[in-house]
Each structure stands twice: as C-alpha cells, then as structure tokens.
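In the numbering used here, the protein residues as written are 7 to 332. What follows is a single structure, written as structure tokens, with notes after it.
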Amino acid sequence: MKRIGILFLFFCLTSVIWSQPKKELRILIDASEDSNFELELWKEAPGEDDAVTKSVPEVIFIKGNRINVNPKDEFVFFRVRRIGKFGAKGFWTQVYSTTADTNSPLSVPNEYKVEKPVVVVKKEVPKIDPPVVNTDSFVLVPNNSGTVSRFLTREKLNVSAQTNTKIAGTKYRINGGNWQTTPDGQALAFQEEGEYDLEYYSTDLLGNKEPIRSIQFIKDTKAPRTNVQWNDPNQGNLDVPKFISSATKISLQAVDSGSGSGDSFYSFFCQGISNPSFKKYDSPISVGDGFSECKNNYRLLIYSVDKVGNREEVQDFEIKFGSTEK
C-alpha cells in the first residue's frame with residue numbers, strides 16, 4: 007500500500023503541472039489568405055512613430071490572414087502591419103492587449119510607407135578663375151555678367167537614379183519635346199551643338215513619381231579655328247602674302263562659336279628636333295625670330311584652345327625666305 011500511494015501522488019503532481027494551459031493569441035485579420043503581415047509582441051506599450059522604448063519587441067512574420075501564436079507571459083501588448091511586394095511595409099495598427107477580445111476580424115491599414123526616388127545629374131561646383139577642363143559631365147565657365155554657363159564637352163550624358171528602392175524607369179525630355187524613357191544602361195546622346203534644356207524624373211515599382219527636375223547646358227565639342235594674318239612693311243596686312251622676309255610679323259586670332267576662344271600657342275619647329283616646344287601667343291610673331299632660333303628654314307606650328315578645353319588641330323606652315331607654303 008505504501009508503494010502504491012507514492013506512485014499515485016507522483017502521478018497527480020505531474021498531471022497538475024502538465025495540464026497548465028499555455029497563453030494563446032488567436033487573431034483573424036480582415037484580408038485575403040495570401041497576405042503577409044508582421045506581428046510585434048511588446049512587454050510595454052510602444053510609443054508613436056516607432057519611438058524608442060525600454061524593451062525590445064519579439065517580431066514574428068505571418069503568411070496568411072490568421073495569427074495563432076503562444077506569446078510568453080511577459081509580452082502583454084501587440085500590433086500588426088502589412089508586408090507588401092518588394093518588402094514594402096505598411097502602417098501599424100493601434101496597440102492591443104494580448105488578452106483583448108479578438109472575435110471580430112482585425113482591420114490592418116492597407117497603405118504603405120514608401121520612399122520616393124531622387125534623380126541626380128552630376129553637376130560641377132563653379133570654378134570662377136580660371137575655368138579648367140574636367141573629366142566629369144560639365145565644365146562651368148564664368149560670364150562677364152557674373153553668372154556661370156554650364157557646358158557639355160562630350161557627346162553623351164548619364165542620367166541615373168539614386169534611391170534605396172528599385173526603380174521602374176526614368177523619363178526625360180529635351181527642349182520641351184515628348185517624354186521618353188532612358189535606354190537601359192545607356193547614356194543620352196546629344197548630337198547637335200547648342201543650348202539644351204533637359205527635364206527628367208524617375209518612378210519606383212510602387213508607382214511613386216518624383217517631382218520633375220531640369221538642367222540647362224550648352225553642348226560644345228568643336229575646337230576653335232585660328233586665323234593667321236601676315237604683316238610685312240612692304241605689303242601691309244595680308245591673309246596670303248606674296249613673299250615674306252625677316253621683318254614679316256604674324257598675328258593670330260582664334261575664333262570659337264561655343265564657349266569662346268581661349269589661348270593660342272605657337273612653336274618654331276626646327277629641323278633635327280623631334281618634339282616641338284610650344285609658347286603661349288601674346289603678341290605678333292616675328293619671322294626673323296624663327297630664323298634666329300633655328301638657324302635655317304623652319305616650320306611654324308600654331309593651334310588654339312577654347313574656354314572648355316577643346317583643342318584645335320595643329321596648323322603647320324613651312325617658312326622659307328621669299329615664300330610661304332601651308
């Protein structure tokens with residue numbers, strides 16, 4: 007009898023421990039069965055706008071419109087939000103007690119927090135004095151009025167979106183024309199020289215459209231042209247002289263229809279020298295100086311650059327006593 011009593015007592019205690027009911031949270035959500043949700047269990051009520059609280063919530067991701075979980079006793083509050091396509095997160099419900107009556111379907115907001123894309127065209131910080139050639143998209147040149155003009159010195163321009171969300175596409179139009187979609191992985195081509203007004207915007211996969219942005223610039227990829235004028239005491243100023251002498255002087259004038267002419271350069275290219283050394287032109291060139299430097303017949307090399315760095319092909323003149331040939 008004593009042995010039977012001990013076994014019976016052990017069985018009763020074990021039954022009491024195992025029969026304690028677990029805390030259960032059963033929620034029916036007013037949504038389709040293929041919906042996705044995020045459930046947060048809290049020890050204390052969270053603040054508004056995801057404010058920081060003393061405790062850390064337990065997060066459970068739910069697939070479907072029914073929630074059936076067994077929260078620990080210390081988690082006494084909960085809230086729910088939708089999870090949409092591409093990871094988009096909805097707005098939280100109000101905070102409920104885990105002991106609240108959940109017989110009625112729970113209504114969860116069907117709107118999402120989204121991040122609007124931002125499209126950026128790379129711009130230069132103005133370099134007032136002096137303008138220099140830059141490998142980025144634009145070169146900025148100061149005007150006499152104190153403003154700055156933006157020049158594109160290449161055939162193409164990249165327009166790219168900078169955002170943490172995926173982009174559905176980027177639209178653009180040029181000089182008020184029709185809207186077009188930027189080609190995948192390709193830059194926009196600008197074939198003609200002149201002024202452009204480029205407008206652009208991007209849309210993300212949820213249909214959010216950023217405000218239209220614009221940028222104005224001038225395409226200038228053509229080099230200047232250097233005009234040469236020969237001045238001789240016996241002939242006056244001539245574009246093509248009948249003859250030259252040591253007293254003949256040469257004037258250079260660069261012409262550029264885009265950003266404007268910059269500096270001109272020249273070199274006395276003597277026989278037997280492999281690489282010419284160019285000097286900046288600042289006053290008429292003396293033919294006699296070339297003969298003094300080269301001690302013989304020589305070639306006069308000249309070229310100019312414009313204000314954005316477009317460089318002219320070198321013009322080559324063979325200088326001899328009594329004639330000029332180009």
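Even for Gly, the Cβ is constructed at its ideal location relative to N, Cα and C.
Exposure label - residue i; buried when at least 16 CB within 10 Å
i    : result
K301 : exposed
G268 : buried
I134 : Because the pLDDT at I134 is just 27, under 50, the model does not fix this residue reliably, and the value given afterwards should be weighed accordingly. The residue in question, I134, is exposed, as its Cβ has fewer than 16 Cβ neighbours within 10 Å.
D322 : exposed
W48  : buried
R160 : exposed
S208 : buried
E324 : exposed
S166 : exposed
I33  : buried
P290 : exposed
V86  : buried
P333 : Because the chain is modelled from 7 through 332, residue 333 falls outside the range shown and cannot be assessed.
G71  : For clarity, residue 71 is Asn in the given sequence; the question names Gly instead. Its Cβ being crowded by 16 or more others within 10 Å, N71 is buried.
S298 : exposed
P230 : buried
K285 : exposed
S143 : buried
I279 : exposed
W185 : exposed
N316 : buried
E318 : buried
K326 : exposed
Selected residue, minimal CA-CA separation from residue i, among the options
i    : options                   : result
E198 : K228, N214 and A37        : K228
Y206 : N214, V293 and S220       : S220
I224 : F297, K78 and V145        : V145
G296 : W185, Y304 and R88        : Y304
A37  : E46, I73 and A106         : I73
S292 : Q277, Y309 and S251       : S251
L212 : N76, E117 and Q222        : E117
V261 : S310, V114, V101 and G90  : S310
Y174 : N164, G200, D210 and Q192 : According to the sequence shown, residue 174 is Ala rather than Tyr. Nearest option by C-alpha distance: D210.
I89  : P115, F81, G294 and V75   : P115
S110 : I35, V62, R156 and R179   : I35
D238 : C276, S283, G294 and G183 : G294
G182 : E201, N164 and Q192       : E201
G266 : A94, K95, F81 and N149    : N149
Whether residue i touches residue j by CB criterion (8 Å)
i    : j    : result
E50  : F83  : yes
L112 : T104 : no
V314 : V154 : no
D3   : G264 : Here the chain covers residues 7 to 332 and nothing more, so residue 3 does not appear.
K172 : F92  : yes
Y287 : F274 : no
T188 : L194 : yes
I256 : V234 : yes
F196 : L158 : yes
D107 : K29  : no
T254 : I308 : no
P63  : V101 : no
R179 : Q222 : no
Residues that DSSP places opposite residue i in a beta bridge
i    : result
G175 : T209
T232 : A260
F284 : According to DSSP, which records beta bridges pairwise, F284 is partnered with nothing at all.
K313 : According to DSSP, which records beta bridges pairwise, K313 is partnered with nothing at all.
A195 : K162
T187 : K177
S103 : F83
Given 8 Å as the limit, is there contact between the stretch 62-80 and the stretch 31-42, that is, 3 or more CB pairs closer than that? yes
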